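What follows is a set of notes on a single structure, which appears directly below.
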Amino acid sequence: MQLDFKFYLNSTGYSIASQESILSVRHIDPEFNIKATFLNVQADAGVSRNRRQIFAAMKATPPASEQVSLYQSIPYLYRRLRHAKKHIGFCVFETINPPKEWIKLMNEMDSILTATMFNKRIFEQAGVTLPITVIPHCFDPKMFNKDVKPNGRYDKTTFFAMGTWKNRKN
Numbered sequence: 029m030q031l032d033f034k035f036y037l038n039s040t041g042y043s044i045a046s047q048e049s050i051l052s053v054r055h056i057d058p059e060f061n062i063k064a065t066f067l068n069v070q071a072d073a074g075v076s077r078n079r080r081q082i083f084a085a086m087k088a089t090p091p092a093s094e095q096v097s098l099y100q101s102i103p104y105l106y107r108r109l110r111h112a113k114k115h116i117g118f119c120v121f122e123t124i125n126p127p128k129e130w131i132k133l134m135n136e137m138d139s140i141l142t143a144t145m146f147n148k149r150i151f152e153q154a155g156v157t158l159p160i161t162v163i164p165h166c167f168d169p170k171m172f173n174k175d176v177k178p179n180g181r182y183d184k185t186t187f188f189a190m191g192t193w194k195n196r197k198n
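Be aware that the sequence shown starts at 29, since it is given in the numbering used here, and climbs by one per residue.
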């Protein structure tokens, strides 16, 4: 069985999460059959040459006769392709009110994956009736050096976000 992993290949959060998930699976089982399908036109902006080569090779993988289709993206891009035996969506959302259209599209898949219990709860409360499995995002711990200490005024991090989900008057 082949996993047809459909994702963005760029520097966005969805893409980085997808890349790390794929590389984690390959780390555990280098022979796991993954075909990469890029959801964006310019599929390499902000991606290292090494990763571009890895994912280009996966894109060139011939399609198998039996596939599971996995979309790690916003639900507007989900499709139920005839050749796939199963259709899975991987979705995250930052607030408590996902768009109603997302819920409808998620319910058209066979199952949903998400990264947190928070997302599982909000999707269920919003009306997703399919099985939802929580799979936390992966990361490569070798990319982080625990011995590095921040310097001076950078020993603290302040986050600021300001926004709202509403129609604009213009």
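Cβ coordinates follow ideal geometry from the N, Cα and C atoms, glycine included. Keep in mind that this is a model prediction, so the values were computed, not measured.
Review point. For Asn109, does the count of other Cβ atoms within 10 angstroms reach 16, so buried, or fall short, so exposed?
Key: One-based indexing of the sequence shown puts residue 109 at position 81. A quick correction: the sequence has Leu, not Asn, at residue 109. Exposed: under 16 other Cβ atoms inside 10 Å.
**Study point:** According to DSSP, residues forming a beta bridge with Tyr99
**Key:** Here the question's residue 99 lines up with position 71 in the sequence shown. In DSSP, Tyr99 forms a bridge with Lys34 and Gly117.
Practice item. Please classify Ala45: does DSSP put it in a helix, a strand, or coil? Key: For this step, residue 45 is matched to residue 17 along the sequence shown. Three-state DSSP puts Ala45 in a helix.
Check your understanding: Sorted by chain position, which residues of the same chain lie with C-beta nearer than 7 Å to Leu37's C-beta, five sequence neighbours on each side aside?
Key -> Here residue 37 refers to the residue found at position 9 of the sequence shown. Closer than 7 Å at the Cβ level, and outside the excluded window around Leu37, lie Ser43, Phe66, Asn68, Ala71, Asp72, Val75 and Phe83.
Check your understanding: Under 8 Å, do Ile116 and Leu133 count as touching if we go by C-beta distance?
Key -> By 1-based counting over the sequence shown, the position of residue 116 is 88. By 1-based counting over the sequence shown, the position of residue 133 is 105. No, they are not a contact pair.
Review point. Run through DSSP, which three-state label would Ala112 get?
Key: The sequence position of residue 112 within the sequence shown is 84, counting from 1. The answer is strand: DSSP assigns Ala112 an E or B state.
Check your understanding: What do you reckon, are the CB atoms on Phe167 and Glu48 nearer than 8 Å?
Key -> For the purposes of this step, residue 167 is taken as residue 139 along the sequence shown, with counting starting at 1. For the purposes of this step, residue 48 is taken as residue 20 along the sequence shown, with counting starting at 1. Cβ atoms of Phe167 and Glu48: closer than 8 Å.
Review point. Can you tell me where the alpha helix (DSSP H) with Leu158 in it begins and where it stops?
Key: Indexing the sequence shown from 1 puts residue 158 at position 130. Careful: Leu158 lies outside any alpha helix (DSSP H) and carries neither H nor E.
Check your understanding: With distances taken between CB atoms, is the gap from Ala112 to Gln95 smaller than 8 Å?
Key -> Reading the sequence shown from its first residue, position 84 is the one you call residue 112. Reading the sequence shown from its first residue, position 67 is the one you call residue 95. Contact: yes.
Review point. Do you know whose CA, among Lys174, Pro169 and Pro103, lies nearest Ile140's CA?
Key: If you number the sequence shown from 1, residue 140 lands on position 112. Ranking the options by Cα distance to Ile140, first place goes to Pro103.
Review point. Would you say Gln30 and Ala88 are within 8 Å of each other, going by their C-beta atoms?
Key: Within the sequence shown, residue 30 is the residue found at index 2, counting from 1. Within the sequence shown, residue 88 is the residue found at index 60, counting from 1. The answer is no: Cβ separation not under 8 Å.
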